[in-house]
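If you read the sequence shown in the numbering used here, its first letter stands for residue 14, the second for the next number, and so on.
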Amino acid sequence: MIKYIKDFILKENIELGSMYSLLKLSPADGIMPDMIPGQFVQVDIKGSKNTFLRRPISINFVDKEMNLLWLLVRRAGEGTSTLISAPAGEAINLILPLGNGFSLDNGKMLLIGGGVGVAPLLYLGKILSEKDSNVSFLLGARSKQDLLELEEFKKYGEVFVSTEDGSMGEKGFVTTHSILNDKFDLIQCCGPLPMMKAVAKIARLHNTQCEVSLENVMACGIGACLCCVEDTTEGNVCVCKEGPVFNIDKLKW
Ligand SMILES: Cc1cc2nc3c(=O)[nH]c(=O)nc-3n(C[C@H](O)[C@H](O)[C@H](O)COP(=O)(O)OP(=O)(O)OC[C@H]3O[C@@H](n4cnc5c(N)ncnc54)[C@H](O)[C@@H]3O)c2cc1C
Ligand code: FES
14 MIKYIKDFIL
24 KENIELGSMY
34 SLLKLSPADG
44 IMPDMIPGQF
54 VQVDIKGSKN
64 TFLRRPISIN
74 FVDKEMNLLW
84 LLVRRAGEGT
94 STLISAPAGE
104 AINLILPLGN
114 GFSLDNGKML
124 LIGGGVGVAP
134 LLYLGKILSE
144 KDSNVSFLLG
154 ARSKQDLLEL
164 EEFKKYGEVF
174 VSTEDGSMGE
184 KGFVTTHSIL
194 NDKFDLIQCC
204 GPLPMMKAVA
214 KIARLHNTQC
224 EVSLENVMAC
234 GIGACLCCVE
244 DTTEGNVCVC
254 KEGPVFNIDK
264 LKW
């Protein structure tokens with residue numbers, strides 16, 4: 014797929030609590046590149062000496078009608094904090110689309126996300142539902158207020174929730190949710206590493222195909238610096254180029 018280095022204009026910066034923002038960006042030249050769910054962008058962070066490396070952020074959604082790209086950002090350190098406080102009208106430079114993306118098979122699909130790991134699952138759910146797949150989402154967070162874009166997810170499938178404090182849905186982790194007793198053709202998952210490893214274990218027990226999106230620390234994002242390497246059953250691979258989405262059969266978990 015062709016990669017672009019493009020300026021996008023921040024049209025809307027919607028605060029979702031103190032930790033998250035939903036950024037809606039339009040391409041400065043009006044041309045939105047094609048993107049596959051699960052791919053990501055490398056964001057240039059302006060005005061910060063400590064963040065000269067771009068930061069990888071998942072494609073949250075592509076609103077074709079409004080010609081907007083959505084990025085869901087969680088405040089982690091200086092780069093993401095700078096991004097979260099960007100004013101509408103600011104130009105933000107992106108390299109995109111990067112990485113491979115999720116499989117877009119038909120079937121009974123369970124999309125599992127934890128924390129800001131829900132980000133790539135919204136666009137994935139939309140594209141899968143357009144392919145007549147039966148889509149269910151299982152979204153997990155510490156608490157009710159950390160659950161992101163619930164109303165958006167409901168447009169594309171049935172939504173199941175688990176919260177650690179029991180403030181919404183079933184109390185506990187996504188990995189203890191009762192929906193996991195159902196049979197699915199494919200589980201697609203993004204979130205904290207321990208969560209993805211636990212999901213992979215359950216998928217193996219149920220003999221269900223499973224894909225996970227890894228969030229190894231990245232620098233270049235294009236397979237040049239080798240800083241994101243993962244040791245797989247096919248040897249060392251760059252997560253930014255060969256991933257970030259992997260079938261669990263390829264991972265040494
Ligand atoms: C493929 C991919 C997709 C991602 N999608 C999203 C997303 O949609 N929304 C979102 O909010 N975050 C996403 N992240 C994580 C995001 O890239 C990091 O939180 C961000 O780079 C941290 O930068 P910072 O300057 O704010 O924090 P820093 O001060 O650099 O670091 C703060 C914390 O973030 C971790 N971190 C730093 N750099 C990276 C990095 N390049 N990759 C992963 N973790 C890092 C550090 O280990 C540290 O714990 C994604 C990461 C990857 C690899
Ligand atoms: S981030 Fe440079 S090779 Fe993956």
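For every residue, glycine included, the Cβ atom is placed at its ideal position computed from N, Cα and C.
Label D57 either buried or exposed according to how many other C-beta atoms from any shown protein chain fall within 10 Å of its C-beta, with 16 as the threshold for buried. buried
Of the residues E78, N26, L124 and E243, which one's Cα is nearest the Cα of P50? L124
Does the beta-carbon of G130 have 16 or more other beta-carbons within 10 angstroms, so that it is buried, or is it exposed? buried
Do the CB positions of T95 and S61 come within less than 8 angstroms of each other? yes
Closer than 8 angstroms by C-beta to K16: which residues in its own chain qualify, once you throw out the five before and the five after it? Chain order, please. I108, L109, P110, L111 and I235
Count the other C-beta atoms from every protein chain shown that fall within 10 angstroms of the C-beta of A213, then say buried if there are 16 or more, exposed otherwise. buried
Residues near K210 in its chain [Cβ-Cβ closer than 7 angstroms; skip 5 each side]: W266
In chain order, what residues of the same chain have a beta carbon less than 8 angstroms from the beta carbon of G30, not counting five sequence neighbours either side? Q158 and D159
Could you give the DSSP three-state label for A154: helix, strand or coil? strand
Measure the CB-CB distance between S146 and N106 and report whether it falls below 8 angstroms. no
Give me the Cα-Cα distance between L264 and C240, rounded to the nearest whole angstrom. 18 angstroms
Checking 8 angstroms against the spacing of the C-beta atoms, do S34 and V75 come in under that value? no
Pick from P69, T189, K77 and R67: whose alpha carbon is nearest that of M45? K77
Do K184 and ligand 2 come close, with the Cβ less than 7 angstroms from some heavy atom? no
Relative to the C-alpha of K37, which candidate in I22, K167 and M48 has its C-alpha closest? I22
Is the beta carbon of G127 closer than 8 angstroms to that of G153? yes
Nearest-residue set for ligand 2, Cβ under 7 angstroms from any heavy atom: M231, A232, C233, G234, I235, G236, A237, C238, L239, C240, C241, C251, V252, C253 and K254
Between which two residues does the alpha helix (DSSP H) harbouring F202 extend? Here residue 202 is Cys; the residue named in the question, Phe, does not match the sequence. It is not in any alpha helix (DSSP H) - C202 instead sits in the beta strand (DSSP E) that spans L199 to C203.
For S142, I'd like the list of residues in its chain whose CB is within less than 7 angstroms of its CB, leaving aside the five on either flank, ordered along the chain. V148, Y169 and G170
Applying the criterion that 16 or more other CB atoms from any shown protein chain within 10 Å of the CB defines a buried residue, is I18 buried or exposed? exposed
Quick check on DSSP: helix, strand or coil for K273? Residue 273 cannot be examined here, being either before or after the span of the chain that is shown, 14 to 266.
Assuming E340 and N229 are in contact, meaning their beta carbons sit under 8 angstroms apart, how far apart are those beta carbons, in whole angstroms? Residue 340 is absent from the structure shown; the chain starts at 14 and stops at 266.
Under the three-state reduction of DSSP, which class applies to K167: helix, strand or coil? helix
T64 CB to nearest heavy atom of ligand 1 below 7 angstroms: yes
Count the other C-beta atoms from every protein chain shown that fall within 10 angstroms of the C-beta of E25, then say buried if there are 16 or more, exposed otherwise. exposed
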